[in-house]
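**Q**
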Amino acid sequence: ELKVEQNPLFLSMQEGKNYTIYCNYSTTSDRLYWYRQDPGKSLESLFVLLSNGAVKQEGRLMASLDTKARLSTLHITAAVHDLSATYFCAVDISFRGIQGAQKLVFGQGTRLTINP
Amino acid sequence: EAQVTQNPRYLITVTGKKLTVTCSQNMNHEYMSWYRQDPGLGLRQIYYSMNVEVTDKGDVPEGYKVSRKEKRNFPLILESPSPNQTSLYFCASSFFGRGSNQPQHFGDGTRLSIL
Numbered sequence: 014e015l016k017v018e019q020n021p022l023f024l025s026m027q028e029g030k031n032y033t034i035y036c037n038y039s040t041t042s043d044r045l046y047w048y049r050q051d052p053g054k055s056l057e058s059l060f061v062l063l064s065n066g067a068v069k070q071e072g073r074l075m076a077s078l079d080t081k082a083r084l085s086t087l088h089i090t091a092a093v094h095d096l097s098a099t100y101f102c103a104v105d106i107s108f109r110g111i112q113g114a115q116k117l118v119f120g121q122g123t124r125l126t127i128n129p
Numbered sequence: 013e014a015q016v017t018q019n020p021r022y023l024i025t026v027t028g029k030k031l032t033v034t035c036s037q038n039m040n041h042e043y044m045s046w047y048r049q050d051p052g053l054g055l056r057q058i059y060y061s062m063n064v065e066v067t068d069k070g071d072v073p074e075g076y077k078v079s080r081k082e083k084r085n086f087p088l089i090l091e092s093p094s095p096n097q098t099s100l101y102f103c104a105s106s107f108f109g110r111g112s113n114q115p116q117h118f119g120d121g122t123r124l125s126i127l
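So the sequences go chain by chain: A and V.
My numbering applies: residue 14 is where the first sequence begins, and numbers increase by one.
My numbering applies: residue 13 is where the second sequence begins, and numbers increase by one.
1) Between the C-alpha atoms of residue 89/A and residue 29/V, what's the straight-line distance to the nearest angstrom?
2) When you compare only the Cα positions, how much space is there between residue 93/V and residue 20/V?
3) Is residue 70/A helix, strand or coil by DSSP?
4) Can you round the beta-carbon distance between residue 119/V and residue 57/V to whole angstroms, since I take them to be within the 8 Å contact cut?
5) Considering just the uninterrupted stretch of the beta strand (DSSP E) at residue 25/A, what are its terminal residues?
6) Can you check DSSP and say which residues form a bridge with residue 18/A?
7) Look at the alpha carbon of residue 121/V and the alpha carbon of residue 40/A, and state the distance between them as a whole number of angstroms.
8) Are there 16 or more other CB atoms within 10 angstroms of the CB of residue 103/A, so buried, or fewer, so exposed?
9) Alpha carbons only, please: which of 71/V, 88/V, 38/V, 61/V is nearest the one belonging to residue 14/A?
10) Are residue 58/A and residue 68/A closer than 7 Å when you measure CB to CB?
11) Measuring only the C-alpha atoms, how far is residue 115/V from residue 45/A?
12) Flag residue 66/A as yes if its beta-carbon sits less than 7 Å from any beta-carbon of chain V, otherwise no.
13) Using a C-beta to C-beta distance shorter than 8 Å, which residues of chain V count as neighbours of residue 61/A?
14) Shortest alpha-carbon distance to residue 20/A belongs to which of 56/A, 85/A, 74/A?
15) At the level of alpha carbons, what is the spacing between residue 42/A and residue 106/V?
16) Find the residues of chain A that neighbour residue 101/V, judging by a C-beta separation of less than 8 Å, and give them in chain order.
17) When you compare the CB of residue 58/A with every CB in chain V, is at least one pair closer than 7 Å?
18) I'd like the span of the beta strand (DSSP E) that includes residue 81/V, first residue to last.
19) Give the single residue among 117/V, 103/V, 66/V whose Cα lies nearest to the Cα of residue 60/A.
20) What residue does the beta strand (DSSP E) around residue 98/A start on, and which one ends it?
21) Going by C-alpha distance, which of 50/A, 126/A, 82/A is nearest residue 64/A?
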């Protein structure tokens, strides 16, 4: 059974600091997504990582994927308050070997709080 | 505006009273899916549909039914709700699932409380 583990689960940091959220998963996959969720809101897609070594950047966020290590990271640079949210990684695996049957297995989420 | 619309957003009901949560998308997506979100567990897939009249179970299908009679709609049915189905539910859609390389688009969520 695929397990996806994020750490830390809770992160409180100051504005201006850098930090990294880790997403480890237990089976082979070459696709991983990062989502953001604000309190009481839906999930918003941040990054789609489709191959080993993929790196995507958007503003102060940068995501990378190492399929050999089964690890993805979400790096926050010079954090600002607006980045406070819960971040989820989701590993995409073929569901029961059925072509096109996408199954996203989500991590527990990392609740990020950025203090002024 | 491209969106996935769920209704209702909030519902408090009692054990055993059948309910339906509707989901509609306007992006002509083939693939639709239902998830439930519980604290500390992330999101878990309930059912998915690859196209009209094609549905299959996800990880936690017990106590739920779905149907896909039209491409845009994918309702979630709880025939006899129980308190352990109290949760936050999300509907999501994308172009043909895994083959599309596109992220799933999520609805705003439905918070169900079963007393």
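Quick reminder that beta carbons are idealized off the backbone N, C-alpha and C, glycines included.
Please read these numbers as outputs of a predicted model, since none were measured by experiment.
**A** By the coordinates alone:
1) Looking up residue 89/A in the first sequence gives position 76. Looking up residue 29/V in the second sequence gives position 17. Between residue 89/A and residue 29/V, the C-alpha separation is close to 46 Å.
2) Taking the second sequence and counting its residues from 1, one reaches residue 93/V at position 81. Taking the second sequence and counting its residues from 1, one reaches residue 20/V at position 8. Taking the straight line from one Cα to the other gives about 16 Å.
3) Within the first sequence, residue 70/A is the residue found at index 57, counting from 1. Note: residue 70/A maps to strand in three-state DSSP.
4) Numbered from 1 along the second sequence, position 107 holds the residue referred to as residue 119/V. Numbered from 1 along the second sequence, position 45 holds the residue referred to as residue 57/V. That belief does not hold up - the Cβ atoms of residue 119/V and residue 57/V are roughly 14 Å apart, past 8 Å.
5) For this step, residue 25/A is matched to residue 12 along the first sequence. It spans 23-27 - the beta strand (DSSP E) in which residue 25/A sits, taken as one unbroken run.
6) Locating residue 18/A in the first sequence gives position 5, counting from the first residue. Here residue 18/A is bridged, per DSSP, to 37/A.
7) Counting from 1 along the second sequence, the entry for residue 121/V is found at position 109. Counting from 1 along the first sequence, the entry for residue 40/A is found at position 27. Each residue's alpha carbon lies about 29 Å from the other.
8) Walking along the first sequence from the start, residue 103/A turns up at place 90. With 16 or more Cβ atoms within 10 Å of its Cβ, residue 103/A is classed as buried.
9) Reading the first sequence from its first residue, position 1 is the one you call residue 14/A. It is 71/V.
10) Counting from one through the first sequence, the residue named residue 58/A turns up at place 45. Counting from one through the first sequence, the residue named residue 68/A turns up at place 55. No, they are not a contact pair.
11) Counting from 1 along the second sequence, the entry for residue 115/V is found at position 103. Counting from 1 along the first sequence, the entry for residue 45/A is found at position 32. Taking the straight line from one Cα to the other gives about 9 Å.
12) On the first sequence, residue 66/A is found 53 positions in, with the first residue counted as 1. So, not an interface residue.
13) Position 48 of the first sequence, counted from the first residue, corresponds to residue 61/A. For residue 61/A, the C-beta contacts it makes with chain V under 8 Å involve 113, 114, 115, in order along the chain.
14) Here residue 20/A refers to the residue found at position 7 of the first sequence. Looking at the Cα atoms, 85/A is the closest of the given residues.
15) As a position in the first sequence, residue 42/A is number 29, starting the count at 1. As a position in the second sequence, residue 106/V is number 94, starting the count at 1. The straight-line gap from Cα to Cα measures roughly 19 Å.
16) In the second sequence, residue 101/V corresponds to position 89, counting from 1. The contacting residues do not exist; residue 101/V stays about 11 Å from chain A at best.
17) For this step, residue 58/A is matched to residue 45 along the first sequence. Answer yes: the Cβ-Cβ gap between residue 58/A and chain V drops below 7 Å somewhere.
18) If you number the second sequence from 1, residue 81/V lands on position 69. Following the DSSP letters along the chain, one finds residue 81/V in no beta strand (DSSP E), marked with neither H nor E.
19) Working through the first sequence from its first residue, we reach residue 60/A at position 47. Nearest Cα to residue 60/A within the set 117/V, 103/V, 66/V: 117/V.
20) For the purposes of this step, residue 98/A is identified with residue 85 of the first sequence, where counting begins at 1. Note, residue 98/A: beta strand (DSSP E), 98-107.
21) As a first step, residue 64/A must be located in the first sequence, where it is residue number 51. Of 50/A, 126/A, 82/A, the residue nearest in Cα terms is 82/A.
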